[in-house]
Structure formats: C-alpha cells, structure tokens
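Trainee: Quick one: this structure, given as structure tokens, is what I'll be asking you about.
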C-alpha cells in the first residue's frame, strides 16, 4: 500500500510539473481596447477588449477568463477592480469582449488586465493595458473656442491653384503647482503639428484623419505629463490646409467641397498632485501669425518653405511674439466632435535613391527605384536665398525628363529656400506625393544620392501578411500590391496619390478591402470609412461614389455605393466585427430600399453608371474599350450585383436577430430578381448570359443565380472565353475581376487562375511588373494609354487576386461560420503549377502560417494554427496511410479526420504541424 501511495504521489507531482511547464510556454499578450493599443481619449462608452494567447505547445484552448479594470494602476496592481471585475467567465471568447462595468466618465482613466484559464492551466497577462476616455459630450467643450485667422496674406491665392501660408499659433501658460498628469485634446483643421516647450508631441504626421468636417470632426488626445513643468510653459501649433482649405479654391464649386480657413480648438487638462484640476482652453488670448517659413501647402501642388523666415524658439517661452496678433474667434466646422478611433499616419520607412543623373538642361533626375508615397528629405548647403525645387512624378519620358501629363493640373513641386547656415536639412510638413522620380533644380554643386532620403508615409497600421511562391512574377505582383495599398492609406482609402484627384472612391475597394485585410491590419481604417459613407448618405437614402464627399458624385448606381455593404461584410468575416453590422444596418437597408423604389423595373435594376470599368481595351492607346463584344450590359451588372448585396443583407439581418420581416423581404426580392434576370439575360441555346463576356457569365455564377444543372455549362463558356478568345488572358474590368480568380479555382480550374496570375504579357498584372511597374496601374495598358486617366499607383484592378493568393493558394481562410479566424479553412489548390508557397497572416487571434512544397513524390506542408483556434485541413489524398502528421501515422480510427471527394479532411487544434502526403 505504501508503495502504491508513493507511486501515486510521483504521478501527481509529474502531472503538476508538466502542467507548469506548459503554462510557462503560454502567455497572454497584445491586449487591445477597440482594436487599439493603449488608446487615449476614446468615446466608446462600452469598449470592446481583446487579447491574444501565444503558445509554444499544441492544443491550447481558453476555457475561461477574468477581466479586471481599475481607475488607477495602483488599484490594478493590488487587484482592486473599482471599475469592473468580470468574475471568472466560462468562455473561449478572447476578441471583442464588451466592457460591462461602471459608467465611464469624461477623461476617465482605465487600467486593465486579464487572467485566462486554458486546458493547460491558468495564465495571467504579463503586461497591464490602459485606455482613457475622451470628451464624451459636446457640452464639455464649452468655453473652448475655435480660433484662427480668416484672411489671406501676401503671396496667398484663392484660386484654382490655391496658396495659403501656414498658421502658427502659440500660448504661454503658467502652471503654478506640481503636476500629476496632463492631457491635450486637440482639433486642428485641416492638419496640425503640436508642440509643448519646443518639443513635437507625438510621432504622427498629416493629422488628424480627414472627414467631411460639416458632418464630424475628429479630435486627438495626447498624454503630455512628461512635457510640462511647474511654472511657465509654451503651447504651440502649426495649422496646415489639408482637405479643409481644399486644394482647388474658387474652382468647380458645384463639384469640389471646401470648408474654410484652417482653425483649431484645444483643451489642456491638468491634474495637480494636491488633487486640484485646471483646464486651459483656446480663446482670443492666443497669438497667431502667418509670417512663418511655410509659405504654401497644397496637397496637389506641393509645399513651399523659406528657411530665412524661420522663427527661432517660436514654440518656447523664450520668444518675443509682440509682432504676432491675437487669434480671431471663428465659426466651428459644423460637424459633431468625435474621438479618432483609428491611427494617424506616420513615417513608416525610408527609401534611399538608387541613382541621380544630370539632364541636358542642367537639372538632375533622382530615381528612388520604387514608386512610393510620402516625401523627400533634403540635405543641402548653399547661400541664403538659394532655392531648391523638387518636382515629383511616377515615370520618365523617352528623353529622360519627367512624364507629368498623367498628373493633370497637379503641380507636385516642393520648394525650399535656404537660409545659408551650413548644411540644412528639410522635409515638408503638410503634403505628400506619389512618385518614383524627382527633378531637382537649384543645386550650386553637383548633388549625390546622399543628399536625399525618401520618407514613406501611410496610416500607422501593422503589416499582417507575407507571401512568397515559386513564381517570381506572382511574388513581384504581391510586392507591387503592398506598395500600392499602403501608399493609398491616408486616413481613408484613396484611389491614387499623385494627380489632382486622390479621392476615396467607393468602387476601388468593393472587394479590394477584403484582399488588403490579409496584408494590413485595416480594421479601424475601414470601420472609420464606413462612418464616412454613412455620414455622406442623403436623407432619402442615396450614397455617393466618393466618401467623404469631397467631390460631389451623387449619381446613383449599385456597384460603387454597394461597397458600403461589402466592406461591412469584410470586417465581420475577417475581424469578427459584429458591431459594424449592427451600427450600419439601418443605413444600408435604407439604401437598398431607395434603390428598389427608384430603379427596380420589372424586377431588374436599371441604374448602372460605370459598367465593368476599365476592361482591357483592344488597342494599347485607348483608355476604355470601344469593342461592344468586350462590354457587359449595365443592367445585367446592376441586377446581379444588387442580388449579391441582398444576400449579404439577409446575412446581416440574421446576425442582428432582426425582425423576420426583413429576411422575408430580402428573400422575396432576391427570388424575383433571379427569375427576371435569367428570363432576360440567359441564352438557352448557348448556355451563356447576354453577349457572353466573361463578366456577364461570371457574376451570376459567382452569386448563385445560375440554376444548378446549368452551372457547369456556364462555367465552360467562361473557360472558353479566357482560354480561347482571349488566349489565357484577363478580359474583365473592375467588376468582373473581383470574382474571377476564386470562381475559376472553385469550379475546378485553379491552373487557369494561376495562368492569369503569372502571365507577363498584355493584359495582366505581370505585364505591369515586366514593364517596370513597382505598384499596380490604373489601366492594364498603363504604359501606353492616354495620359488623361493613367495613374501608375492604383489598386482597383487587383480584384480578388490577393484573396486568391491567401485563401486558394496558401490555404488561409476564415470559416464563414466562425468569423475572425476562430476556425481556419486550410484548403490550398496544390495543382496550379506552383511548387511551393510560404505565407503567413497575423489574424486577430494570432499568426497563421502555411508553407507547402510539392513534387512528384510527396507534399510537405508546415502549418501553424494560433492558440484558442482550430483548423480544418484538406489533403489531396483519400488514403490515410499516405499521410503523416509530425512524423507519425494517423490512426485509421482517429476522429480527427474524414474522407470526402477523394480528400482527407483533418480537424486540428492549435499548434505547429508538419504534414507529409505521399503521392
């Protein structure tokens, strides 16, 4: 008996030891509030909290959690949950857990941590997290005045090529006690830079994010405790134009919206160590000048800076501002004040030029080697008054000079006037450019590449995806897409960064946002954009083609405004964001009804505007095809797409638990449209739709409108058009390309998808790369087409290519039944012609990896499934004896697999696995 108890004790101790070892290999990290890291000044009164579980052991499942939220860090460290203690909640939920504690007040600080229980033991978050509330009610901005200077100065111009000097604003304050904490709440329109005691606050640039300022105005919040001191302090801001004082003044006012002169409102909230508080606000005691070095800042035309006019120490207490004038009280912008719930832009990287060459005219052409978005930092020596001009463009003409016709009337030129004090370093503050090449003039000595550094600027969001394959063309396309997507993230997704446009066109991101979500953590960006679209909706339900509606494009169609619905669906599918569906459902339904009531005739949607935009034209010089055989009927496109959107609305109604009458409405309307669609457009004799374009057949097939017994015949027509008529090349435009790659693969021709992806002859993505593109062009023939519409950095033609890369080639797809990658569908198309793929994606639950290699003998596949998730893995064999998992055979009686359609399907818990499949 004694031996038995000793043996039992040994077993228990061993099990405890194993459990402890497992726990040390598991940690809780990446604590987020509203998908932001330690955000300051949020305005969500019941914020969502999330965390990730990192594990070096397999099969880790969360079984329960406990969240503790406290008003001070001291309370949190002593486990005093004076704001919220969730208690131990039995749940595997780790994403978007809603705060259910005490009411959060204005400026409330909240410190939190989470303890989780797993099937391996109990783990507490290593790091504490923090968030603070913003100013929640309009009334609490009382006595905070909007100030500015609403006059022109010498050199300014209110014209098509608007010029306006930056506003410099300052206020000396006296803090008479020891400071415990301090935060600034600032609204600086259109752009601002904030300084305290000479130090720039924050690492953001081009802040805040743009909105329609008559609808909503974003404020930023900064903890500035460490920047202030007892006694005299100086607050300083520079105000730039941005989209507020728009780039084209007194020009096409029926189209272009402008909002007035730059202005600002600011609160500095100080808490002293004795418990007292003080609020410093903008009022008419602040001082302002326009006589600073930034002479002009225009997003289209560039920035002009005269270093001779620099005001040394202007943003410190050691400055005489007697020549400055008192700020004026000005009208507020009109929009409601909101916390900015998405990151500002930052300098995200640097690019060094690869060459600089002198032209016959004596100027120099700088080649960055990459079409990039941002600006150029300049280092130069010279005399006071010497002037350096930097003109930006995407490509060169045959004679080596800049190609600028595609910029339209954008002047894209920065000008720097030297002060003549040794080596001077300068970069602009309130503009950005899209460029690869720069014409440099004004150097008195021969410049070298060391005089210049490219600064890459886009929203401060994380890169989440990597992709590499055995095909060099596909790899270059992926790289080009990365640069194009990132460069066009500007607090909103814009179409292009270089010409006189740069607008947030909805149709460019209908499906593009979905593909982009694999490369970048774009959740908060697109959640903000949905708000922009909602705010742009008219009272009767119409949605514009551009939102925010800086350009007034209210023309009604389906495919552009429908982006409102598809982006909401992307956020739900990729990030598990149910909130956006709930928030926007009423406005989305309002638009659906609006379109039905105004444009549905005989159960078909009659209103289309853009058709299958930018199909590859038959001539390399054309922008749009003139061949009717390439043109898809607009009523077909609108009706099919409207049907597609109705299916998503039905899904949303189900998610929301909406009144069943909504679901009946969508079902009835869908059925009527499908019947009318097939009656009008389907050719029974030829088994195709309308004039048999790929898009005409593709849309009803992808949307489930084709009768099941006819699907293979319709698909055969698509294949014939791709393979025979267009000789293995793309013939679709913006609309068709959104569904092309996935549909070809899903109906059994992944090899044809691969051919389209790897082509390098016209028209193809590879053709762009082969002809020197380092981003994605606006047109398939972007190197030869008419320059009137020929951006060389556009992402709308990517269609569903990136989705196909990840879901169909890498095999990284969120199960629609468990959004947010709670369960991952891993079903690559191994028979495309690729010999290997290595991809990763950092989902909201953690990093997913898929690395496969195949040859005639075997498939070798390494996968990683994040903790607290699972994977459904598809293997190209029906014989379990051909499969090994982590070098071990799988038991034929194992419940972890099943066989369907000559495919073995494994269900795996989290962890890393090496899978081998014999051929």
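Numbering (our numbering), first residue to last: 85 to 1003. Ideal Cβ placement from N, Cα and C applies to all residues, glycine included. Nothing here was measured: the structure is a model prediction, and the numbers come from that model.
Out of curiosity, what's the CA-to-CA distance linking residue 594 and residue 905?
Mentor: Taking the chain shown and counting its residues from 1, one reaches residue 594 at position 510. Taking the chain shown and counting its residues from 1, one reaches residue 905 at position 821. So the two alpha carbons sit approximately 21 Å from each other.
Trainee: So residue 745 and residue 835 are supposed to be a Cβ contact under 8 Å. How far apart are they, rounded?
Mentor: Along the chain shown, one-based indexing puts residue 745 at 661. Along the chain shown, one-based indexing puts residue 835 at 751. Not confirmed; about 46 Å, so no contact.
Trainee: Could you spell out the range, first to last residue, of the beta strand (DSSP E) harbouring residue 927?
Mentor: Along the chain shown, read from residue 1 onward, the residue named residue 927 stands at position 843. Unbroken beta strand (DSSP E) run through residue 927: 920-927.
Trainee: Is the beta carbon of residue 692 less than 8 Å from the beta carbon of residue 641?
Mentor: Taking the chain shown and counting its residues from 1, one reaches residue 692 at position 608. Taking the chain shown and counting its residues from 1, one reaches residue 641 at position 557. It is a contact, given that the beta carbons lie within the stated cut-off.
Trainee: By the three-class DSSP mapping on this structure, what secondary structure does residue 597 have?
Mentor: Counting from one through the chain shown, the residue named residue 597 turns up at place 513. Three-state DSSP puts residue 597 in a helix.
Trainee: What are the start and end residues of the beta strand (DSSP E) that includes residue 759?
Mentor: As a first step, residue 759 is located in the chain shown; it is residue number 675 there, counting from the start. No beta strand (DSSP E) contains residue 759, which is instead part of the alpha helix (DSSP H) from 744-765.
Trainee: Across which residues does DSSP place residue 315 in a beta bridge pair?
Mentor: Within the chain shown, the letter at position 231 stands for residue 315. Residue 315 is bridged to 259.
Trainee: Taking the alpha carbon of residue 348 as the point to measure from, which residue in 415, 335, 337, 307 has its own alpha carbon closest?
Mentor: Walking along the chain shown from the start, residue 348 turns up at place 264. Of the candidates 415, 335, 337, 307, the one whose C-alpha sits nearest the C-alpha of residue 348 is 415.
Trainee: Is residue 725 helix, strand or coil by DSSP?
Mentor: On the chain shown, position 641 is the one that residue 725 refers to. Residue state, collapsed to three classes: helix.
Trainee: Report the three-state DSSP secondary structure of residue 803 (helix, strand or coil).
Mentor: Here residue 803 corresponds to residue number 719 of the chain shown, with the count starting at 1. The answer is helix: DSSP assigns residue 803 an H, G or I state.
Trainee: Identify the residues that DSSP records as bridge partners of residue 822: which are they?
Mentor: Here residue 822 refers to the residue found at position 738 of the chain shown. In the DSSP output, where bridge partners are listed per residue, residue 822 has none listed.
Trainee: Among the candidates 127, 679, 608, whose CA atom is the shortest distance from the CA of residue 654?
Mentor: Start at 1 with the first residue of the chain shown, and residue 654 comes out as number 570. Looking at the Cα atoms, 608 is the closest of the given residues.
Trainee: What's the C-alpha gap between residue 688 and residue 775?
Mentor: Within the chain shown, the letter at position 604 stands for residue 688. Within the chain shown, the letter at position 691 stands for residue 775. Distance between the alpha carbons of residue 688 and residue 775 is about 18 Å.
Trainee: So, is residue 793 buried or exposed, given that buried needs 16 or more other C-beta atoms within 10 angstroms?
Mentor: Position 709 of the chain shown holds residue 793. With fewer than 16 Cβ atoms within 10 Å of its Cβ, residue 793 is classed as exposed.
Trainee: Check whether the Cβ atoms of residue 867 and residue 855 sit closer than 8 Å, and answer yes or no.
Mentor: Counting from one through the chain shown, the residue named residue 867 turns up at place 783. Counting from one through the chain shown, the residue named residue 855 turns up at place 771. In this structure, residue 855 lies closer than 8 Å to residue 867 by Cβ.
Trainee: Do the segment 251-266 and the segment 150-164 make contact, defined as three or more Cβ pairs closer than 8 Å?
Mentor: Touching, no.
Trainee: List the DSSP bridge partners of residue 251.
Mentor: Numbered from its first residue, the chain shown carries residue 251 at position 167. In the DSSP output, where bridge partners are listed per residue, residue 251 has 323.
Trainee: Check each candidate in 284, 476, 499 and name the one with the smallest Cα separation from residue 490.
Mentor: Stepping through the chain shown from its first residue, residue 490 is reached at position 406. The option with the nearest alpha carbon to residue 490 is 476.
Trainee: Report the rounded CA-to-CA distance for residue 141 versus residue 832, giving the unit in angstroms.
Mentor: Here residue 141 is taken as the residue at index 57 of the chain shown, counted from 1. Here residue 832 is taken as the residue at index 748 of the chain shown, counted from 1. Taking the straight line joining both Cα atoms gives about 37 Å.
Trainee: Between residue 563 and residue 589, what straight-line distance do the alpha-carbon atoms span, to the nearest angstrom?
Mentor: Against the chain shown, residue 563 aligns to sequence position 479. Against the chain shown, residue 589 aligns to sequence position 505. Going from the Cα of residue 563 to the Cα of residue 589 covers about 23 Å.
Trainee: Is the distance from the Cβ of residue 342 to the Cβ of residue 330 below 8 Å?
Mentor: As a position in the chain shown, residue 342 is number 258, starting the count at 1. As a position in the chain shown, residue 330 is number 246, starting the count at 1. Result yes, Cβ atoms of residue 342 and residue 330 sit closer than 8 Å.
Trainee: In terms of DSSP beta bridges, what is residue 214 paired with?
Mentor: The sequence position of residue 214 within the chain shown is 130, counting from 1. According to DSSP, which records beta bridges pairwise, residue 214 is partnered with 195.
Trainee: Please classify residue 28: is it buried, with 16 or more other beta-carbons within 10 angstroms of its beta-carbon, or exposed?
Mentor: Since the first residue of the chain shown is 85 and the last is 1003, residue 28 is not available in this structure.
Trainee: What is the rounded straight-line gap between the Cα of residue 444 and the Cα of residue 485?
Mentor: By one-based count along the chain shown, residue 444 stands at place 360. By one-based count along the chain shown, residue 485 stands at place 401. Those two C-alpha atoms are separated by around 10 Å.
Trainee: Ignore the nearest five residues each way along the sequence and tell me which others in residue 961's own chain have a CB closer than 7 Å to its CB.
Mentor: The residue labelled residue 961 in the question sits at position 877 within the chain shown. Closer than 7 Å at the Cβ level, and outside the excluded window around residue 961, lie 967, 988, 1001.
Trainee: Run through DSSP, which three-state label would residue 733 get?
Mentor: One-based indexing of the chain shown puts residue 733 at position 649. Here residue 733 sits in helix by DSSP.
Trainee: Can you give me the C-alpha to C-alpha distance between residue 257 and residue 266, rounded to a whole angstrom?
Mentor: By 1-based counting over the chain shown, the position of residue 257 is 173. By 1-based counting over the chain shown, the position of residue 266 is 182. Going by the C-alpha atoms only, they are around 13 Å apart.
Trainee: May I ask you to list the residues that DSSP assigns as paired with residue 552?
Mentor: The count along the chain shown starts at 1 and reaches residue 552 at position 468. 922.
Trainee: For a test of the three-state rule: what should DSSP assign to residue 591, helix, strand or coil?
Mentor: By 1-based counting over the chain shown, the position of residue 591 is 507. Residue 591: helix per DSSP, three-state reduction.
Trainee: Which residues mark the beginning and the end of the beta strand (DSSP E) in which residue 780 is found?
Mentor: Working through the chain shown from its first residue, we reach residue 780 at position 696. Counting along the chain, residue 780 falls outside any beta strand (DSSP E), though it belongs to the alpha helix (DSSP H) covering 778-786.
Trainee: Would you call the CB atoms of residue 327 and residue 274 closer than 8 Å?
Mentor: Taking the chain shown and counting its residues from 1, one reaches residue 327 at position 243. Taking the chain shown and counting its residues from 1, one reaches residue 274 at position 190. For residue 327 and residue 274, yes; Cβs fall inside 8 Å.
Trainee: Counting only the same chain and skipping the five closest in sequence on each side, list residues whose C-beta sits under 6 Å from that of residue 923.
Mentor: Residue 923 sits at position 839 when you count from the first residue of the chain shown. Counting only Cβ-Cβ distances below 6 Å, and skipping sequence neighbours, we find 551, 894, 934.
Trainee: Who pairs with residue 517 in a beta bridge, going by DSSP?
Mentor: By 1-based counting over the chain shown, the position of residue 517 is 433. 458, per the DSSP bridge assignment.
Trainee: Would DSSP call residue 977 helix, strand or coil?
Mentor: Indexing the chain shown from 1 puts residue 977 at position 893. Coil at residue 977, not helix or strand.
Trainee: With DSSP as the reference, identify every bridge partner of residue 507, one or two as the case may be.
Mentor: Along the chain shown, one-based indexing puts residue 507 at 423. Its beta-bridge partners do not exist; DSSP assigns none.
Trainee: Under the DSSP definition of a beta bridge, which residues are partnered with residue 944?
Mentor: Residue mapping note: residue 944 aligns to position 860 of the chain shown, counting from 1. Its beta-bridge partners are 937, 1000.
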